[in-house]
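Here's the structure, in structure tokens; my notes come after.
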Amino acid sequence: MAAAFTVIDHTELSGSATTWTKSSIPSSYDHLYLEFSARSDRGSSSRDEMTVRLNGDTGSNYSVTQMFAVSAGSIGSQRQSTTAIEKIYLPASSSTADTFGAGTLWIPNYANTANFKQVLIQAACEGATNTNYEWGLAVCAGLWTSTAAVNQITLGILTGTNFVQYSTFTLYGVTA
Amino acid sequence: MAVFEAIATTYLESTQASVTFSSIPQTYEHLQLRISARGNITGSAGHPMYMRINGDTGSNYSNHTMQTYGGSSLNADPYVNFAYVYQAGRVVMPNSNAGFYAATIIDILDYRNTNKNTTMTGFTESLSASEYLSFYSVLWNDTAAVTSILLYPPSNDFVADTTMTLYGLNSAN
Chain E
228 MAAAFTVIDH TELSGSATTW TKSSIPSSYD HLYLEFSARS DRGSSSRDEM TVRLNGDTGS
288 NYSVTQMFAV SAGSIGSQRQ STTAIEKIYL PASSSTADTF GAGTLWIPNY ANTANFKQVL
348 IQAACEGATN TNYEWGLAVC AGLWTSTAAV NQITLGILTG TNFVQYSTFT LYGVTA
Chain V
280 MAVFEAIATT YLESTQASVT FSSIPQTYEH LQLRISARGN ITGSAGHPMY MRINGDTGSN
340 YSNHTMQTYG GSSLNADPYV NFAYVYQAGR VVMPNSNAGF YAATIIDILD YRNTNKNTTM
400 TGFTESLSAS EYLSFYSVLW NDTAAVTSIL LYPPSNDFVA DTTMTLYGLN SAN
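If you're matching them up, the sequences are chains E and V in order. Per our numbering, the very first residue in the first sequence carries number 228; after that it's consecutive. Per our numbering, the very first residue in the second sequence carries number 280; after that it's consecutive.
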């Protein structure tokens, strides 16, 4: 019986880094699953966003539909077209010390060359705060309008410069 | 060695006030809890499920939630510096239909990494008489490795057939 989950990569940053990239992703799995525990160095802010790019594509070939909460009492939703999948909330430098955002990405049928690629994301910017906009929850559906098989994932920071030390990224291949 | 392994399962054959996963192995990268829970607080259809880590009773837990009630009302709430996790999941109560149990999945990231506080995300629901669906996050404001997890309803007990399984996710094959 084949293992359902296989570790493709695990990285814990030994210092700050502008991106985490996994290249040469084997096409032999059915789906990809990524768990991240990450924090941004964005100054004078408690929150930032992580970005996702696939196969190094920096064109305007992404969109994201998001359901989110960043303040007590309300939930918002939005859709936008971008040069990366965005709206993946992370804590930043003014957030509670030693606190990293928690989240997952699910990329179904990533090696399929017939269909555009979708990325289902859960993300949380946690912190010991009840101040609006200093925390955030997001459920996102990202779309990359390409039929190419995904062979590279790059995660970056939207507003800050770096992921901070001890951020971790674990990429799994999932076999159906 | 499987990458995704069951560490322990608790299946309640009768009522029980709480469930504790203790002596959690310090060999995985991440943890996941999958829960199906019902309680016996009369006059209620559903309640949050509380959590404590490593027996910590200090005001070291924060929790943010976004939810829908009955498919129409949408809102979000912070629960900051509590002495327990206010919403670690959901528990269906007797005013709900018989046979309904609340389903919860909790991802606990880097649970043994002592360079960071422990954070979690979760999805939970309680259906039937009080329909509720929520995505939420949890902060335990402590960098200690997680060695035990206590789960309990606000009062009274979990009832029979409540099940909880703790999984470990490895970061190497």
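Positions of the beta carbon are idealized from the N, C-alpha and C atoms, including for glycine. The model shown is predicted, which means the values in this text are computed figures rather than measured ones.
Next item on the list: Check the C-beta distance from T397(E) over to E308(V) and give it rounded, since I have them as a contact under 8 Å.
Entry: 6 Å
Checklist line | CB contact check: F283(V) to chain E, cutoff 7 Å | finding: yes
Next item on the list: Output yes if chain V places a C-beta closer than 7 Å to the C-beta of D257(E); else output no.
Entry: no
Margin query: Would W247(E) pass as an interface residue toward chain V - the criterion being a Cβ-Cβ separation below 7 Å?
Written below: no
Note to self: Cβ closer than 7 Å: which chain V residues qualify as neighbours of W362(E)?
What the structure shows: Near W362(E) (Cβ distances below 7 Å), the residues of chain V are H343 and P357.
Notebook entry, point to check: Cα separation between F283(V) and N389(E)?
Noted result: Using only the alpha carbons, I get a separation of about 30 Å.
Checklist line | F343(E), buried or exposed, once every other Cβ within 10 Å from all chains shown has been counted against 16 | finding: exposed
Next item on the list: Report yes or no: is there a C-beta of chain E within less than 7 Å of the C-beta of D436(V)?
Entry: no
Margin query: So that I know if they touch, is there some Cβ in chain E lying closer than 7 Å to that of N354(V)?
Written below: yes
Checklist line | Where Y290(V) falls: helix, strand or coil (DSSP) | finding: strand
Notebook entry, point to check: Can you tell me whether M418(E) is buried or exposed, with buried defined as 16 or more other CB within 10 angstroms of its CB?
Noted result: Residue 418(E) lies beyond the range of chain E shown here (228 to 403); nothing can be said about it.
Next item on the list: For the beta strand (DSSP E) containing S251(E), list its first residue and its last residue.
Entry: Neither: S251(E) is in no beta strand (DSSP E) and is coded neither H nor E.
Margin query: The beta strand (DSSP E) that contains V346(E), what's its start and end?
Written below: K344 to C352
Checklist line | M277(E), buried or exposed, once every other Cβ within 10 Å from all chains shown has been counted against 16 | finding: buried
Note to self: Could you give the first and the last residue of the continuous beta strand (DSSP E) run that contains L364(E)?
What the structure shows: G363 to W371
Next item on the list: Could you tell me which chain V residues have their CB closer than 9 Å to the CB of A368(E), listed as they occur along the chain?
Entry: The contacting residues do not exist; A368(E) stays about 13 Å from chain V at best.
Check: Q305(E) lies in the beta strand (DSSP E); which residues open and close that run?
Finding: G303 to T309
Checklist line | Spatial neighbours of H258(E) in its chain, beta-carbon cut-off 6 Å, leaving aside the 5 residues before and after | finding: P335 and V401
Notebook entry, point to check: Are there 16 or more other CB atoms within 10 angstroms of the CB of E292(V), so buried, or fewer, so exposed?
Noted result: exposed
Notebook entry, point to check: Distance, Cα to Cα, V406(E) vs G328(E)?
Noted result: Because chain E here runs from 228 to 403, residue 406(E) falls outside it and cannot be looked at.
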